[in-house]
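One structure is given below, encoded as structure tokens.
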Amino acid sequence: MPTPPTLRIGVVIVAAGSGQRLGYGIPKAEVGLAGRTLLEHALDSVLASGVAACLCVAVPPGDTRLRGICARAGGKTPVTVVEGGSSRADSVGRALAGLGPGLDAVLVHDAARALTPPEVFRRVAAALASGAQAVIPAVPVADTIKTASPSSPQERSIAGEKVAGTPERAILRAVQTPQGFDARILAEAHGWLESAGEDAEGITDDAMLVERRGVTVFLVPGSEEALKITTELDLMTAEALAARRLASAAAPGQEGQQ
Ligand SMILES: Nc1ccn([C@@H]2O[C@H](COP(=O)(O)OP(=O)(O)OP(=O)(O)O)[C@@H](O)[C@H]2O)c(=O)n1
Ligand SMILES: C[C@](O)(CO)[C@H](O)COP(=O)(O)O
2 MPTPPTLRIG VVIVAAGSGQ RLGYGIPKAE VGLAGRTLLE HALDSVLASG
52 VAACLCVAVP PGDTRLRGIC ARAGGKTPVT VVEGGSSRAD SVGRALAGLG
102 PGLDAVLVHD AARALTPPEV FRRVAAALAS GAQAVIPAVP VADTIKTASP
152 SSPQERSIAG EKVAGTPERA ILRAVQTPQG FDARILAEAH GWLESAGEDA
202 EGITDDAMLV ERRGVTVFLV PGSEEALKIT TELDLMTAEA LAARRLASAA
252 APGQEGQQ
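In the working numbering, the protein residues as written are 2 to 259.
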């Protein structure tokens, strides 16, 4: 089988969110998990994957702590920092500009998915190298998902919403980051987004953005460990995962045994 071409890949980490739902009163990327910030965990995963030629991190305006972390990270891999915007998409757009020219592909990653295993980055990069223009990691959905619509005025005394439909669960996927794209296609899509106005409403990830531009998005296996840390319960789950990793690093093959 021919070897896929090696791509020059830039990685964007969006870390400029305020973490309202976590409610710690500090930017979420600064929150501690197993003694390190979420951003440090995310940087570790990217750098351990070995896919990044360079990184750009979007941090909250005025933040100095995350800038300091980025200044100390990277080693031989250049890490630049930009001020994030008022939405995730805005932060991605700013970080794309901060990556600089000469890249074949870009991976966009949430700092909030701090424990994403390096293998997930490598799977996304491999699919790009095999010719995909857009690739995202995904996992099957465990719950049955319903679509909802408002109840009629007569029904409202029972409940505000009712079921509108039930998509077939077998074809549903929960998607994660890093999301990988041909660099030119992602830049064009974000350029469109800036002028799209109402057409851009409800776009919640970069894959959806390039889908709107007619690009085929491929799926590769994600990881349960790549959960998005959004609430206190997610952080508790992440702490348990990090503890399991530490235990298995200390005693390989012994985890789960008494
Ligand atoms: N203006 C924003 C908003 C979000 N993000 C980043 O996008 C990712 C996903 O966002 P989310 O988990 O919703 O983070 P927050 O916006 O911080 O959370 P909340 O909505 O609870 O405030 C996070 O890594 C977050 O830092 C960003 O860079 N810039
Ligand atoms: C990009 C993402 O993580 C894919 O699941 C998700 O859409 C981000 O959503 P958020 O509301 O900005 O956290």
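All C-beta atoms in this analysis are idealised placements derived from N, C-alpha and C, irrespective of residue type, glycine included. Since we're looking at a predicted model, the values are computed, not measured.
Counting only the same chain and skipping the five closest in sequence on each side, list residues whose C-beta sits under 8 Å from that of E225.
Locating residue 225 in the sequence shown gives position 224, where the first residue counts as 1. Cβ within range, chain order: V140.
Who are the Cβ neighbours of S46 in its own chain at under 6 Å, not counting the five residues just before and after it?
Working through the sequence shown from its first residue, we reach residue 46 at position 45. Around S46: T117 and P119.
Per DSSP, what kind of secondary structure is A184 in: helix, strand or coil?
Within the sequence shown, residue 184 is the residue found at index 183, counting from 1. In this structure, A184 counts as helix in the three-state DSSP scheme.
With a threshold of 8 Å on Cβ separation, who are the neighbours of R174 within its own chain once the five nearest residues in sequence on each side are excluded?
Stepping through the sequence shown from its first residue, residue 174 is reached at position 173. Closer than 8 Å at the Cβ level, and outside the excluded window around R174, lie A139, V140, P141, V142 and L220.
Thinking C-alpha only, which one of E189, A239 and A197 is nearest V1?
The structure shown does not extend to residue 1, since the chain spans only 2 to 259, so no value can be given for it.
Just the Cα atoms here: how many angstroms apart are Q259 and V107?
Here residue 259 is taken as the residue at index 258 of the sequence shown, counted from 1. Here residue 107 is taken as the residue at index 106 of the sequence shown, counted from 1. Reliability of the predicted coordinates at Q259 is poor, the pLDDT of 42 falling under 50, and no value is obtained from them.
Can you tell me whether P61 is buried or exposed, with buried defined as 16 or more other CB within 10 angstroms of its CB?
If you number the sequence shown from 1, residue 61 lands on position 60. P61 is buried by the Cβ-count criterion.
Check T7 in the structure and name its three-state DSSP category.
Reading the sequence shown from its first residue, position 6 is the one you call residue 7. Three-state result, T7: coil.
My assumption, with CB atoms under 8 Å, is that P6 sits in contact with A130. Please give the rounded CB distance.
Residue mapping note: residue 6 aligns to position 5 of the sequence shown, counting from 1. Residue mapping note: residue 130 aligns to position 129 of the sequence shown, counting from 1. Between A130 and P6 the Cβ distance is about 6 Å, and since that is below 8 Å, they are a contact.
Other residues of its chain near E166: CB distance less than 8 Å, five sequence neighbours each side excluded
Within the sequence shown, numbered from 1, the residue matching residue 166 stands at position 165. As written in the sequence, residue 166 is Gly, which differs from the Glu given in the question. Within the same chain, G166 has close Cβ partners K147 and T148.
Grab the span of the beta strand (DSSP E) containing L23 for me, first residue to last.
The residue labelled residue 23 in the question sits at position 22 within the sequence shown. Here L23 belongs to no beta strand (DSSP E), and DSSP marks it neither H nor E.
Rounded to whole angstroms, what is the Cα-Cα separation between A252 and R245?
Translated into positions along the sequence shown, residue 252 becomes position 251. Translated into positions along the sequence shown, residue 245 becomes position 244. Each residue's alpha carbon lies about 11 Å from the other.
Report yes or no: do the stretch 99-115 and the stretch 50-69 share at least 3 C-beta pairs separated by less than 8 Å?
yes
My guess is that V32 and L23 are in contact by the Cβ rule of under 8 Å, so how many angstroms apart are they, rounded?
Looking up residue 32 in the sequence shown gives position 31. Looking up residue 23 in the sequence shown gives position 22. Going by Cβ atoms, the distance from V32 to L23 rounds to 6 Å, so yes, they are a contact pair.
Could you pull out every unbroken alpha helix (DSSP H) segment of at least 4 residues lying fully inside the stretch 10-85, listed in chain order?
39-50 and 66-73
Inter-residue Cα distance where the pair is E202 and V93
Residue numbering aside, residue 202 sits at position 201 when the sequence shown is read from its first letter. Residue numbering aside, residue 93 sits at position 92 when the sequence shown is read from its first letter. Between E202 and V93, the C-alpha separation is close to 16 Å.
Within a Cβ cutoff of 6 Å, which residues of the same chain sit near A74, ignoring the five residues on either side of it in sequence?
In the sequence shown, residue 74 corresponds to position 73, counting from 1. The answer, listed in chain order, is L44 and V80.
CB contact flag (G101, C55, <8 Å):
What you label residue 101 is simply residue 100 of the sequence shown in a count that begins at 1. What you label residue 55 is simply residue 54 of the sequence shown in a count that begins at 1. In this structure, C55 lies closer than 8 Å to G101 by Cβ.
Considering only heavy atoms of ligand 2, does any lie closer than 7 Å to the CB of D111?
Translated into positions along the sequence shown, residue 111 becomes position 110. Because some heavy atom of ligand 2 lies under 7 Å away, the Cβ of D111 counts as near it: yes.
By the 10 Å Cβ neighbour count, where 16 or more other Cβ atoms means buried, how is T178 classified, buried or exposed?
To locate residue 178, count along the sequence shown from 1; it is residue 177. It is buried - the Cβ of T178 has at least 16 other Cβ atoms within 10 Å.
Can G86 be considered in contact with ligand 1, in the sense that its beta carbon sits closer than 7 Å to one or more heavy atoms?
Position 85 of the sequence shown, counted from the start, is the residue given in the question as residue 86. Yes, the Cβ of G86 comes within 7 Å of a heavy atom of ligand 1.
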